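Numbered according to the numbering used here, the sequence shown spans residues 1 to 192.
Virtual Cβ for every residue (Gly too), placed ideally from N, Cα, C.
Source: prediction; values computed, not measured.
These notes concern the structure reproduced below.
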Amino acid sequence: MKVTDLTGLKPFINIDEELGLHLARPELAEAIFKAVDKDRLHLRQWLPWVDGTRSAADSAAFIQHSMKMNASGDQLITFLIWKGQLAGSLGVVKFIKDRKSCEVGYWLRSDLQGKGIMTRACTAFINYLFRQKNLNRIEIFVASGNAKSKAVCKRLGFSHEGTLRQALWLYNNYHDLELYAMLKDDWMDRDS
Ligand SMILES: CC(C)(COP(=O)(O)OP(=O)(O)OC[C@H]1O[C@@H](n2cnc3c(N)ncnc32)[C@H](O)[C@@H]1OP(=O)(O)O)[C@@H](O)C(=O)NCCC(=O)NCCS
């Protein structure tokens with residue numbers, strides 16, 4: 001299956017000449033489905049929605065839902081385009097508006113791991129969330145067994161604030177969930 005060429009789409013956040021974050025839009029649906037379909041074993045291990053993504057129509061429906069949530073301000077779902085290819089996704093899956101807080105989630109194609117792409121994308125996205133959206137706190141929940149995702153949080157300087165025991169139910173098993181968080185003040189101090 002050929003990778004869809006997405007060169008030329010205007011990013012929401014331009015990270016560098018190779019990498020940009022793009023808001024959910026219908027043109028991305030086919031590329032998202034191809035990326036997920038090619039990488040099921042890698043993605044399904046920690047993402048509960050993968051088995052429910054069975055056709056390009058499912059990805060198109062997800063895009064429509066994400067566009068609605070982005071427009072209402074309930075979520076902020078973006079997709080990574082790296083060298084013209086759909087590379088993964090990064091987004092705010094939940095805003096807790098009265099606390100200026102949010103929860104972020106992400107995934108990356110397995111063949112693009114190990115290049116620092118997600119760390120770069122998260123750094124730009126977190127800058128945007130603290131500086132433009134004026135949030136005060138960003139949370140990431142990671143299953144205790146998900147070493148690569150925990151490494152992303154640690155590389156970004158997030159604090160491990162605690163572990164929620166058996167808080168995730170995935171494929172007939174409970175998993176502990178580690179809560180990582182970053183405060184605006186700590187992020188800004190890091191830059192100075
Ligand atoms: C979690 C996930 C995004 C991590 O991907 P990743 O490629 O390891 O993370 P990054 O893109 O930040 O890359 C970091 C790696 O690139 C290396 N790297 C190379 N250049 C780098 C740079 N300039 N900056 C940072 N890291 C760099 C790092 O050393 C690290 O490699 P290592 O794992 O061998 O130590 C990916 O494994 C994934 O999508 N997993 C499945 C879905 C999932 O678990 N989502 C999260 C749910 S909470």
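Item: Is there at least one non-hydrogen atom of ligand 1 closer than 7 Å to the beta-carbon of residue 190?; Value: no
Item: Roughly how many whole angstroms lie between the Cα atoms of residue 98 and residue 2?; Value: 45 Å
Item: May I ask you to list the residues that DSSP assigns as paired with residue 142?; Value: 178
Item: Indicate, with yes or no, if ligand 1 has a heavy atom lying under 7 Å from the CB of residue 180.; Value: no
Item: Go to residue 43, then tell me how far its alpha helix (DSSP H) extends in each direction, as first and last residue.; Value: 40-44
Item: Judging by CA-CA distance, which residue of 137, 9, 57 and 94 is the nearest neighbour of residue 158?; Value: 137
Item: Are the Cβ atoms of residue 84 and residue 6 separated by less than 8 Å?; Value: yes
Item: Compute the distance between the beta-carbons of residue 121 and residue 19, then report whether it is under 8 Å.; Value: yes
Item: Can you tell which of 37, 146 and 72 has the C-alpha that lies nearest to the C-alpha of residue 179?; Value: 146
Item: Residue range of the beta strand (DSSP E) that residue 80 falls in?; Value: 76-82
Item: Whole angstroms are fine: how far does the CA of residue 189 sit from the CA of residue 172?; Value: 42 Å
Item: Exposed or buried, which one is residue 75 when buried takes at least 16 other CB atoms within 10 Å?; Value: buried
Item: Is residue 170 near ligand 1, going by C-beta to nearest heavy atom under 7 Å?; Value: no
Item: Would you check whether ligand 1 has a heavy atom nearer than 7 Å to the C-beta of residue 40?; Value: no
Item: Using the beta-carbon count (16 or more within 10 Å), is residue 107 buried or exposed?; Value: buried
Item: Please go through the same chain and pick out, in chain order, the residues whose beta-carbon is closer than 6 Å to the beta-carbon of residue 184, but skip the five residues on each side of it.; Value: 130 and 136
Item: Closest to residue 45 by C-alpha separation, out of 60, 174, 12 and 181, would be which residue?; Value: 174
Item: Hey, residue 86 and residue 35: beta-carbon distance below 8 Å or not?; Value: yes
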